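**Student:** Right, I'll just put the structure down here and ask away after.
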């Protein structure tokens with residue numbers, strides 16, 4: 142074990158200005174964006190990417206993606222080509 146207490150983790154996230162849930166969501170969105178920008182993205186659907194990164198639906202993923210990056214997953218995929 143790392144020996145890090147829950148109280149200590151709480152302080153880390155407080156100083157970073159985020160919560161653990163928000164941090165996890167941000168990382169999942171970033172990884173999904175990286176996957177959509179990869180050359181392999183042409184062989185997969187946006188629904189598959191959404192499912193792989195744990196979003197409840199493609200619509201939920203698209204809303205979160207647009208709120209974070211200012212463009213839809215389809216636009217992100219097209220921009221990477």
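Residue numbers (the working numbering): 142 to 222.
A virtual CB, placed ideally from N, CA and C, is assigned to each residue, including glycine.
Given the structure is predicted, the values throughout are model-derived calculations rather than measurements.
My output table needs one value for residue 198: the three-state DSSP class, helix, strand or coil.
**Tutor:** DSSP places residue 198 in coil when its eight states are reduced to three.
**Student:** Looking only at its own chain, which residues have a Cβ that is under 7 Å from the Cβ of residue 187, when we skip the five neighbours before and after it?
**Tutor:** 199, 214, 215
**Student:** Could you have a look at residue 212 and say whether DSSP puts it in helix, strand or coil?
**Tutor:** Residue 212: coil per DSSP, three-state reduction.
**Student:** Which same chain residues end up closer than 7 Å to residue 142 when comparing Cβ atoms and leaving out the 5 residues on each side of it in sequence?
**Tutor:** Only weak support is given to the placement of residue 142: the predicted model assigns it a pLDDT of 47, under 50, and the value that follows is read from those uncertain coordinates. So no residue of the chain qualifies.
**Student:** Could you name the residues of the same chain whose beta carbon sits closer than 7 Å to that of residue 195, not counting the 5 residues immediately before and after it, in chain order?
**Tutor:** 169
**Student:** Looking at the unbroken alpha helix (DSSP H) that takes in residue 163, where does it start and where does it end?
**Tutor:** Counting along the chain, the alpha helix (DSSP H) containing residue 163 begins and ends at 161–178.
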